[in-house]
Amino acid sequence: MDKTPDILCIGAVLWDVIGRSASTMRLGSDVPGHITRVPGGVALNIAMTLTRFGLRPALLAALGRDAAGDALLAEAEAMGMEVAHAYRSEDLPTDNYMAIEGANGLIAAIADAHSLERAGDKILRPLGDGRLGSPEAPWAGPVALDGNLTEDLLREIAVSPLFARADIRVAPASPGKALRLQALLGHPTATLYVNLEEAGLLCQTTFASSAEAADALLARGAARALVTDGGASATEAAPGRSLTKTPPAVLVTRVTGAGDIFMAAHIAAELAGAAPEAALERALQAAAAYVSGDTPQ
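Everything in the sequence shown is counted per the UniProt record's numbering, starting at 1 for the first residue and increasing by one.
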């Protein structure tokens, strides 16, 4: 049986600790709710969604040789992911993410991805040592890149021969890390998946719509851009094409990870041969199902 993965997911693989309340919250709120710990991180969120579409992703990430890392990779493997290529550190702990969500959306979040940042290019070793590719025969399939990677590593990836033939899909992780993606704006195969705020940060302005933002990203050198604007609209733009759709109207019960679901569903649709309009529609449907609570965490 061919053990080559369908896609590489490179970036944060960690534990999500999420506190959710049905109450509207503000600074200093102390309300009842539920706290969960589930597998998360941008790269893992994308990979989990890809497995639901029947794909086999491989994780390139940094985890500690600790109980948290063992448990996380065991869950990932049970879901159908290839985990053998993950970098395991003897002296760095497994990363964590913590968020608080209320009825009025995300209140605050902290991403502790310091182990991923400190591991640096060690997570890319399988792409150069023959396991997944080499400088002479680089990986030629799709790659989901996570903006939790350092700016230096993203710059390295942008010019690396190891990614010369890859179909690169990029997620910023958060508005606070969106500027890290500037290194990939000129890459000929990089598709950016950002929200309206992140697009504005990359273009150093504000936008009134996803269509305006997507066109501006192309003007700044993006090979292709997908921009979401919550429940208002989403746009996919490439040279000579701009397509905008309105997401399904749903009751929002959670928001953390919705962008990752959108990106993964769009990638899966395209890998299955969907045309641009159909791929965008499937991504919006998947994200709507997720934020409404109709699909698993």
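Every residue, glycine too, gets a C-beta built ideally from N, C-alpha and C.
In this text the structure is predicted, and so the values were computed from the model without any measurement.
Pick out whichever of P126, R37 and A258 has its Cα sitting closest to the Cα of C9. The residue labelled residue 9 in the question sits at position 9 within the sequence shown. Among P126, R37 and A258, the Cα nearest to that of C9 is on P126.
Quiz item: Any Cβ of chain D within less than 9 Å of the Cβ of R88?
Solution: The structure shown contains no chain D; it holds only a single protein chain.
>> Taking the alpha carbon of H114 as the reference point, which residue from L124, A84 and G64 has its own alpha carbon closest?
In response: Indexing the sequence shown from 1 puts residue 114 at position 114. That would be G64, whose Cα lies nearest to the Cα of H114.
Return the CA-CA distance between Q285 and P172, expressed in angstroms with no decimal places. On the sequence shown, position 285 is the one that residue 285 refers to. On the sequence shown, position 172 is the one that residue 172 refers to. If you take the alpha carbons of Q285 and P172, they lie about 21 Å apart.
- DSSP state of M1 mapped onto helix, strand, coil: On the sequence shown, residue 1 is found 1 positions in, with the first residue counted as 1. At M1, the pLDDT of 39 sits below 50, so the modelled position is not reliable; the number obtained from the coordinates is stated separately. M1 carries a coil assignment under DSSP once its states are collapsed to helix, strand and coil.
Between which two residues does the alpha helix (DSSP H) containing T51 stretch? As a first step, residue 51 is located in the sequence shown; it is residue number 51 there, counting from the start. From DSSP, the alpha helix (DSSP H) with T51 extends over V42 to R52.
Kindly indicate the opening and closing residues of the alpha helix (DSSP H) around L127. Position 127 of the sequence shown, counted from the start, is the residue given in the question as residue 127. Where L127 is concerned, the enclosing alpha helix (DSSP H) stretches over R125 to G128.
What distance in whole Å lies between the Cβ atoms of W139 and G133, which are believed to be in contact at a cut-off of 8 Å? Locating residue 133 in the sequence shown gives position 133, counting from the first residue. Locating residue 139 in the sequence shown gives position 139, counting from the first residue. The C-beta distance from G133 to W139 rounds to 4 Å, short enough to meet the 8 Å contact threshold.
Worksheet entry | C-alpha gap between M48 and L106, whole angstroms | Start at 1 with the first residue of the sequence shown, and residue 48 comes out as number 48. Start at 1 with the first residue of the sequence shown, and residue 106 comes out as number 106. Straight-line Cα distance between these residues: approximately 22 Å.
Exposure label - K3; buried when at least 16 CB within 10 Å
Position 3 of the sequence shown, counted from the first residue, corresponds to residue 3. It counts as exposed.
Practice prompt. Within 10 angstroms of the Cβ of residue 309, are there 16 or more other Cβ atoms? Answer buried if so, exposed if not.
Written response: This structure gives no information on residue 309, because the portion of the chain shown stretches from 1 to 297.
Exercise for the section: Spatial neighbours of N104 within its chain, please: CB distance less than 6 Å, with the 5 preceding and 5 following residues excluded, ordered by chain position. Expected result: Taking the first residue of the sequence shown as position 1, residue 104 is located at position 104. Same-chain partners within the cutoff: T24.
* For A190, which three-state DSSP category applies? -> Indexing the sequence shown from 1 puts residue 190 at position 190. In the structure shown, A190 sits in coil (DSSP, three-state: anything other than H, G, I, E or B).
### As assigned by DSSP and simplified to three states, the class of S242
Within the sequence shown, residue 242 is the residue found at index 242, counting from 1. In the displayed model, S242 falls within a strand according to three-state DSSP.
| Counting pairs of Cβ atoms below 8 Å between the segment 261 to 274 and the segment 115 to 124, do you hit three or more? | These segments do not touch.
**Message:** Distance check for L201 and R52, CA to CA, integer angstroms please.
**Reply:** If you number the sequence shown from 1, residue 52 lands on position 52. If you number the sequence shown from 1, residue 201 lands on position 201. Using only the alpha carbons, I get a separation of about 32 Å.
Q: Identify which residue in R155, L55, A22 and E151 has its Cα closest to the Cα of V31.
A: Taking the first residue of the sequence shown as 1, we reach residue 31 at position 31. Taking only the C-alpha atoms, the option nearest V31 is A22.
DSSP puts N195 in a beta bridge; with which residues? The count along the sequence shown starts at 1 and reaches residue 195 at position 195. Partner residues in the beta bridge of N195, as assigned by DSSP, are T228.
### Residue of I18, F262 and Y193 minimising C-alpha distance to R224
Sequence index remark: in the sequence shown, residue 224 carries index 224 (1-based). Closest by alpha carbon: Y193.
Q. For R180, is the classification buried or exposed, using 16 other Cβ atoms within 10 angstroms of its Cβ as the cut-off for buried?
A. Locating residue 180 in the sequence shown gives position 180, counting from the first residue. R180 comes out buried.
Original post:
With DSSP run on the structure shown, which of helix, strand or coil describes R282?
Top reply: Working through the sequence shown from its first residue, we reach residue 282 at position 282. Helix.
**Study point:** The beta strand (DSSP E) enclosing A140, as first and last residue numbers
**Key:** What you label residue 140 is simply residue 140 of the sequence shown in a count that begins at 1. Segment: none, A140 is in no beta strand (DSSP E) and carries neither H nor E.
Legend entry - DSSP bridge partner residues for N96 (one or two, in chain order): The residue you call residue 96 lines up with position 96 of the sequence shown. BP columns for N96 point to W15 and D112.
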